[in-house]
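Residue numbering for the sequence shown follows the working numbering, starting at -2 and increasing by one per position. For every residue, glycine included, the Cβ atom is placed at its ideal position computed from N, Cα and C. Before any comments, here is the structure.
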Amino acid sequence: MTKIRFNSRVTHKNTFRALFLGLLLNLAILPHQQVLAQSNYPEKPIKVIIGFAAGGPTDVIARVLAQDMTATLGQSVIVDNKPGANAKIATEYVAQAQPDGYTLLFASLSHNVNAIMMKKPGYDPITSFEPISLVADLPMILVTGYNSPYKTLGEFLKVAKEKPGAISYSSSGNAGSSHLAGALLATDAKVELTHVPFKGNAPALTEVMSGNVNFIFYPIIGIADQVGQKRLIPLAVGTTKRHPDFPNTPTMEELGFKGFEATAPWVGMLAPAGTSAPIVQKIYNAMQIAMAKPEIKKRLNDLGAITVGNTPSEFKAFLVKDKVHWKRVIDASGLKPE
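Spelled out as structure tokens, the structure:
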């Protein structure tokens, strides 16, 4: 009987060669698959995560853009609200998401502020994301309920000096724009004010309209309608000049408080770090198409937003400067990291 002998060296050599060739083939196919996925993007609905409750300024602007981007991209762009912890929950969620362009973050100033105010924010505001575009700035306005017994900022501060802690102000959450502006006012006026945080600007504003909280520094978006319906009284605007929607309302500087224009929040779109440049560019292009439309420009302007729409690289540079800026504002307000 003839015995067949295998040369183990040859067999191992052939096996290694097959594995090596297979690896080379996979490496050759992988870039092609990635390019194909990028060129076909998007192939399913896109989620835009917001860290605040529905109905607030950030939410309203995101929904205006999402509706138009849906038509441009050919896939649904869905706004998903994940409020809580001054948008930390939503921001950390997106930072940990797959960088495939299907989970985006529509952020506001809390994006940088949380990294300053929280000892463990769970993300880095710069390196954990791919910036896409800064959409708009939202000037702040100080408002009180229409039935409030105090009709001027001076009246509020007089009571606050006589009764420390008796005057309250609401915010979208700890270290949000409303909180920072209120804390800065308390510091500059040398009074004690009671801060009442909520999960978003919308519920915070509702409590002011109901009279449960005395006042709020609120992004100016949509406030003109509430004033017209006699739900709110504007007391001051946080702009360098009087706002055209509120020509009879003094600026904070006119009332003796400088620098409140620096508390104006912004809103912008980001993707998780590692999202490819072609996908970022597609999202950016869809955003630019939306913001270039006269009807969308008018809608945002009517709401009080100042449209920006810069490039990914410009937005990144802005975020770096913004972080330094808010560090200065927080230090001036006397707030401490938690």
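*At what residues does the beta strand (DSSP E) containing Ile230 begin and finish?*
In the DSSP annotation of this structure, the continuous segment of the beta strand (DSSP E) that includes Ile230 starts and ends at Leu229 to Val234.
*In terms of residues, what are the limits of the beta strand (DSSP E) holding Ile218?*
Per DSSP, Ile218 belongs to no beta strand (DSSP E) and is neither H nor E.
*Is the Cβ-Cβ distance between Pro96 and Ser174 less than 8 Å?*
no
*Is it true that the CB of Val140 sits closer than 8 Å to the CB of Ile46?*
no
*Keeping to the same chain, check which residues put their C-beta closer than 6 Å to that of Val210; ignore five residues upstream and five downstream.*
Ser165, Ser167, Val193 and Glu204
_Nearest-angstrom beta carbon gap, Leu131 and Val326 [assumed within contact, 8 Å]_ = Not confirmed; about 18 Å, so no contact.
*Roughly how many whole angstroms lie between the Cα atoms of Asn78 and Phe49?*
Computed Cα separation, rounded: 6 Å.
*Are Gly170 and Ala268 close, meaning C-beta to C-beta below 8 Å?*
no
*Can you check the stretch 107 to 184 for any alpha helix (DSSP H) of at least 4 residues that lies completely inside it and give the ranges in chain order?*
107 to 114 and 150 to 159
*With a cut-off of 8 Å, do at least 3 Cβ pairs link the stretch 229 to 244 to the stretch 92 to 110?*
no
*Spatial neighbours of His240 within its chain, please: CB distance less than 6 Å, with the 5 preceding and 5 following residues excluded, ordered by chain position.*
Val234
*What residues in its chain sit with their C-beta under 8 Å from that of Gly119, if we drop five residues either side in the sequence?*
Lys85, Thr88, Glu89 and Ala92
*Three-state class that DSSP yields for Gly52 in the structure shown*: coil
*Closer than 8 Å by C-beta to Arg228: which residues in its own chain qualify, once you throw out the five before and the five after it? Chain order, please.*
The answer, listed in chain order, is Gly142, Tyr143 and Met206.
*Under three-state DSSP, which class holds His322?*
helix
*Kindly say whether Thr260, judged by its beta-carbon, lies nearer than 8 Å to any beta-carbon of chain C.*
Of the protein chains in the structure, only one exists, and it is not chain C.
_Please classify Ala201 as buried or exposed, where buried requires at least 16 neighbouring CB atoms within 10 angstroms._
buried
*What does Gly265 pair with, by DSSP beta-bridge criteria?*
Ala104 and Leu131
*How would you call Lys196, buried or exposed, if buried means at least 16 neighbouring beta carbons within 10 angstroms?*
buried
_Closest by C-alpha distance to Asp185, when choosing among Leu252, Asn245 and Leu297_ = Leu252
*Going by the CB atoms, is the gap between Ala172 and Ser125 shorter than 8 Å?*
no
*Pull up the distance between the alpha-carbon of Ser73 and that of Lys41, whole angstroms please.*
8 Å
*For Ile75, collect the residues of the same chain with a Cβ closer than 8 Å to its Cβ; drop the 5 residues on either side in sequence, then sort them by chain order.*
Pro42, Ile43, Lys44, Val45 and Ala63
*Considering only C-alpha positions, which residue in the set Lys238, Ala183, Pro309 and Met114 is nearest to Gly265?*
Cα-wise, what sits closest to Gly265 is Pro309.
*Indicate the three-state DSSP secondary structure (helix, strand or coil) for Phe212 in the structure shown.*
Here Phe212 sits in strand by DSSP.
*Find the nearest neighbour of Ile276 within the set Ala59, Leu70 and Asp65, judged by alpha-carbon distance.*
Leu70
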